[in-house]
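J.:
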Amino acid sequence: MNIQANPSPNFLKAHNARHLWHPMGDPKVSEADPPLIVARGEGVYVYDADGKKYLDCVAALWNVNVGHNRPELQRAMIEQIDQLAYYASFMGTTNPPAIALSALLMEMLVPENMARVLFSSGGSDANETAFKLARQYWKIEGQPERTKIIALKNGYHGVHFGGMSATGTGPHRRTYEPLVPGFFHVESPYLYRNPWTDDHEELGRICAAELDRAIQFQGPDTVAAFIAEPIQGAGGVIVPPENYWPLVRQVCDKHGVLLIADEVVTGFGRTGAMFGSRGWGVKPDIMSLAKGINSGYVPLGATVVNERVASAWQKPHPLAGIFHGYTYTGHPLACAVALANLRIVQEEDLPANAAKVGDYFQQRLRELADRQPLIGDVRGRGLMLAIELVKDRKTREPFAPTDPIGKKLVEGARARGMIMRFTSGKIIISPPLIFTKAHVDEAIGILSETLAAAASEATAA
Numbered sequence: 005m006n007i008q009a010n011p012s013p014n015f016l017k018a019h020n021a022r023h024l025w026h027p028m029g030d031p032k033v034s035e036a037d038p039p040l041i042v043a044r045g046e047g048v049y050v051y052d053a054d055g056k057k058y059l060d061c062v063a064a065l066w067n068v069n070v071g072h073n074r075p076e077l078q079r080a081m082i083e084q085i086d087q088l089a090y091y092a093s094f095m096g097t098t099n100p101p102a103i104a105l106s107a108l109l110m111e112m113l114v115p116e117n118m119a120r121v122l123f124s125s126g127g128s129d130a131n132e133t134a135f136k137l138a139r140q141y142w143k144i145e146g147q148p149e150r151t152k153i154i155a156l157k158n159g160y161h162g163v164h165f166g167g168m169s170a171t172g173t174g175p176h177r178r179t180y181e182p183l184v185p186g187f188f189h190v191e192s193p194y195l196y197r198n199p200w201t202d203d204h205e206e207l208g209r210i211c212a213a214e215l216d217r218a219i220q221f222q223g224p225d226t227v228a229a230f231i232a233e234p235i236q237g238a239g240g241v242i243v244p245p246e247n248y249w250p251l252v253r254q255v256c257d258k259h260g261v262l263l264i265a266d267e268v269v270t271g272f273g274r275t276g277a278m279f280g281s282r283g284w285g286v287k288p289d290i291m292s293l294a295k296g297i298n299s300g301y302v303p304l305g306a307t308v309v310n311e312r313v314a315s316a317w318q319k320p321h322p323l324a325g326i327f328h329g330y331t332y333t334g335h336p337l338a339c340a341v342a343l344a345n346l347r348i349v350q351e352e353d354l355p356a357n358a359a360k361v362g363d364y365f366q367q368r369l370r371e372l373a374d375r376q377p378l379i380g381d382v383r384g385r386g387l388m389l390a391i392e393l394v395k396d397r398k399t400r401e402p403f404a405p406t407d408p409i410g411k412k413l414v415e416g417a418r419a420r421g422m423i424m425r426f427t428s429g430k431i432i433i434s435p436p437l438i439f440t441k442a443h444v445d446e447a448i449g450i451l452s453e454t455l456a457a458a459a460s461e462a463t464a465a
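The numbering of the sequence shown is the working numbering, which starts it at 5 and goes up by one.
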């Protein structure tokens with residue numbers, strides 16, 4: 005068979021899901037209902053193999069922040085390929101884009117006092133690196149028993165065994181258990197669904213106190229770090245109360261525990277601040293970065309550590325060598341694209357646009373909720389939004405995981421020209437950060453029609 009680089013739509017449809025397993029899904033389901041073939045992108049839109057146009061309300065996977073097919077990023081790729089497509093960062097070698105990107109990141113992270121970065125290939129890698137560096141830090145500091153990691157329920161930290169062990173959602177864990185020992189979980193500050201209160205400030209205090217008690221129960225001298233997303237993403241866009249992150253910082257400082265901010269989704273503007281933790285006025289000790297670092301054009305992750313953590317590696321210690329890294333750590337092409345991408349993020353002030361357009365999006369969603377009984381809660385920050393659906397608003401009864409409503413909503417939106425995500429009873433909206441109010445209006449129109457059709461069908465059933 006002579007397979008071309010750009011095969012015909014008929015070829016693609018004939019082979020779709022026949023040979024390729026897709027992430028986060030049952031292969032039997034993909035084979036029976038093949039995935040959408042996204043063949044081209046332009047700005048905030050993508051096109052399928054037949055040329056049908058869709059409004060991309062997920063930015064592929066939270067990450068195409070500057071939009072699809074940006075000529076600036078294409079030029080950066082071409083210029084770098086003309087110089088050097090790839091060389092390893094092992095064996096005492098490096099490359100110009102990796103050096104330049106490390107300098108730019110440290111410049112962008114001055115408010116957090118970050119000092120060093122270790123590159124990787126994505127968010128799962130970045131978190132795995134964070135866990136390993138946290139444990140190594142305490143060994144160098146003469147406290148080798150500090151190995152435990154505390155995380156949040158509903159949190160998501162990647163697909164490696166360390167990331168899965170920190171993740172606080174059931175399906176990601178159970179499928180691959182037993183997981184790595186030494187990972188523990190506390191309740192997340194989930195305002196819409198928690199056993200305590202509807203008061204924001206009180207919930208922040210309760211959840212921070214639970215972390216405090218968990219550290220004390222484990223023994224502070226055995227806890228290496230606490231990890232959390234500034235806003236939980238895959239767990240349902242759970243936005244914590246304003247006081248939560250400052251209180252968490254206080255708890256970690258009280259016990260000498262490192263604070264890891266998983267900024268894989270929230271980094272580089274999605275929440276309306278350049279970094280999610282910065283939006284809460286908090287300085288982490290370690291930050292995991294990926295996705296928006298180069299808008300997904302080439303796989304790239306990064307783990308950054310602050311001055312306090314980095315200083316440990318200046319000490320003479322037999323375990324001070326960083327015996328960790330990936331084949332594509334500091335990949336020159338990925339780093340070159342990141343430099344061009346972050347220039348756009350800064351020059352076009354995409355965090356400010358995310359804040360402005362995100363506020364408008366929430367306003368329109370709340371207006372939609374007023375007339376749509378399926379909507380139990382609307383929440384978010386910047387262009388990181390969720391619509392939580394319920395069977396009954398008064399009781400907040402959720403839809404069962406097996407309920408077909410999610411599939412119907414996703415298919416209904418696609419039929420009307422929009423891609424959105426549905427997970428665990430929630431519509432997740434995370435479009436490119438170049439979204440405008442006109443794009444929001446377009447999305448609201450499609451959502452309104454899609455939800456109305458689903459509500460009508462649910463009532464009829």
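The beta carbon of each residue, even a glycine, is placed where N, CA and C say it ideally should be.
Rounded to whole angstroms, what is the Cα-Cα separation between G273 and I438?
T.: Here residue 273 refers to the residue found at position 269 of the sequence shown. Here residue 438 refers to the residue found at position 434 of the sequence shown. Cα to Cα, G273 sits roughly 11 Å from I438.
J.: In or out: M291 buried (at least 16 other Cβ within 10 Å) or exposed?
T.: Position 287 of the sequence shown, counted from the start, is the residue given in the question as residue 291. Under this definition M291 is a buried residue.
J.: Could you pull out every residue in the same chain whose Cβ sits closer than 6 Å to the Cβ of A359, ignoring the five residues on either side in sequence?
T.: What you label residue 359 is simply residue 355 of the sequence shown in a count that begins at 1. G276 and G386.
J.: Taking just the CA atoms, how far does E83 sit from Y301?
T.: Here the question's residue 301 lines up with position 297 in the sequence shown. Here the question's residue 83 lines up with position 79 in the sequence shown. Spanning the two alpha carbons is a distance of roughly 15 Å.
J.: Assuming contact is defined by CB atoms lying nearer than 9 Å, are V42 and Y51 in contact in what I supplied?
T.: Translated into positions along the sequence shown, residue 42 becomes position 38. Translated into positions along the sequence shown, residue 51 becomes position 47. Yes, the Cβ-Cβ distance between V42 and Y51 is below 9 Å.
J.: Taking G551 as the reference, which of M424, M168 and R150 has the closest Cα?
T.: Outside the displayed span of the chain (5 to 465) sits residue 551, for which this structure offers no information.
J.: Using 8 Å as the cut-off, can you tell me whether the stretch 249-266 makes contact with the stretch 283-297, which would need three or more C-beta pairs spanning the two stretches below that distance?
T.: yes
J.: For the alpha helix (DSSP H) containing M81, name the first residue and the last one.
T.: Counted from its first residue, the sequence shown places residue 81 at position 77. Residues P75 to Q87.
J.: How would you write the range of the beta strand (DSSP E) that G380 sits in, first residue to last?
T.: The residue labelled residue 380 in the question sits at position 376 within the sequence shown. I379 to G384 is the span of the beta strand (DSSP E), which, as asked, contains G380.
J.: Taking only runs of the beta strand (DSSP E) that begin and end inside the stretch 369-421, which ones reach a length of at least 3 residues, in chain order?
T.: Runs of the beta strand (DSSP E) lying entirely within the stretch 369-421 and spanning at least 3 residues, in chain order: 379-384 and 389-396.
J.: Could you check the C-alpha separation between Y194 and K143 for me, to the nearest Å?
T.: On the sequence shown, position 190 is the one that residue 194 refers to. On the sequence shown, position 139 is the one that residue 143 refers to. Approximately 34 Å, taken between the alpha carbons.
J.: In its own chain, which residues sit with a C-beta less than 7 Å from the C-beta of E311, not counting the 5 before and 5 after it?
T.: As a first step, residue 311 must be located in the sequence shown, where it is residue number 307. So the list reads N117 and A119, once near-sequence residues are dropped.
J.: Determine the closest residue to V349 out of N298, L393, F187 and D216, with distance taken between C-alpha atoms.
T.: Translated into the one-based positions of the sequence shown, residue 349 becomes position 345. That would be N298, whose Cα lies nearest to the Cα of V349.
J.: So, is M28 buried or exposed, given that buried needs 16 or more other C-beta atoms within 10 angstroms?
T.: One-based indexing of the sequence shown puts residue 28 at position 24. So M28 counts as exposed.
J.: Evaluate F327 with the Cβ neighbour count: other Cβ atoms within 10 Å of its Cβ, from every protein chain shown; 16 or more gives buried, anything less gives exposed.
T.: The count along the sequence shown starts at 1 and reaches residue 327 at position 323. So F327 counts as exposed.
J.: For A107, does the count of other Cβ atoms within 10 angstroms reach 16, so buried, or fall short, so exposed?
T.: The count along the sequence shown starts at 1 and reaches residue 107 at position 103. A107 is exposed by the Cβ-count criterion.
J.: Kindly list the residues whose CB is nearer than 8 Å to the CB of H176, restricted to its own chain and excluding five residues on each side of it in sequence; keep chain order.
T.: Translated into the one-based positions of the sequence shown, residue 176 becomes position 172. Same-chain partners within the cutoff: Y160, V163 and M168.
J.: Would you tell me roughly how many angstroms separate the C-alpha atoms of G223 and A92, rounded to the nearest one?
T.: Indexing the sequence shown from 1 puts residue 223 at position 219. Indexing the sequence shown from 1 puts residue 92 at position 88. Each residue's alpha carbon lies about 41 Å from the other.
J.: Between the Cα of S434 and the Cα atoms of T307, T226, G362 and P320, which residue gives the shortest distance?
T.: By 1-based counting over the sequence shown, the position of residue 434 is 430. Selected option, being the one with the closest Cα: G362.
J.: Measuring alpha carbon to alpha carbon, tell me which of V444, P115 and L215 ends up nearest R368.
T.: By 1-based counting over the sequence shown, the position of residue 368 is 364. For the residues V444, P115 and L215, the minimum Cα distance to R368 belongs to V444.
J.: Closest by CA to E371, which one among N198, R197, G449 and Q140?
T.: For the purposes of this step, residue 371 is taken as the residue at position 367 of the sequence shown. Out of N198, R197, G449 and Q140, G449 has the C-alpha closest to the C-alpha of E371.
J.: Can you tell me which residues form a DSSP beta bridge with R425?
T.: Locating residue 425 in the sequence shown gives position 421, counting from the first residue. DSSP lists I432 as partners of R425.
J.: Would you check if the distance between the CB atom of A344 and the CB atom of A80 is smaller than 9 Å?
T.: Residue mapping note: residue 344 aligns to position 340 of the sequence shown, counting from 1. Residue mapping note: residue 80 aligns to position 76 of the sequence shown, counting from 1. Cβ distance < 9 Å, so A344 and A80 count as in contact.
J.: With the cut-off set at 9 Å, would you say I154 and H189 are in Cβ contact?
T.: Counting from one through the sequence shown, the residue named residue 154 turns up at place 150. Counting from one through the sequence shown, the residue named residue 189 turns up at place 185. Closer than 9 Å, so yes.
J.: Count the other CB atoms within 10 Å of the CB of Y180; is the residue buried (16 or more) or exposed (fewer)?
T.: One-based indexing of the sequence shown puts residue 180 at position 176. Burial call: exposed.
J.: Look at the Cβ atom of A134, then the Cβ atom of A53, and state whether they are nearer than 9 Å.
T.: Along the sequence shown, read from residue 1 onward, the residue named residue 134 stands at position 130. Along the sequence shown, read from residue 1 onward, the residue named residue 53 stands at position 49. Result no, Cβ atoms of A134 and A53 do not sit closer than 9 Å.
J.: Might you give, ordered along the chain, the residues of its own chain that have their beta carbon closer than 8 Å to the beta carbon of E461, omitting 5 neighbours on each side?
T.: The residue given as residue 461 occupies position 457 in the sequence shown. Result list for E461: K412, in chain order.
J.: Can you tell me whether DSSP reads Q318 as helix, strand or coil?
T.: Stepping through the sequence shown from its first residue, residue 318 is reached at position 314. Residue state, collapsed to three classes: helix.
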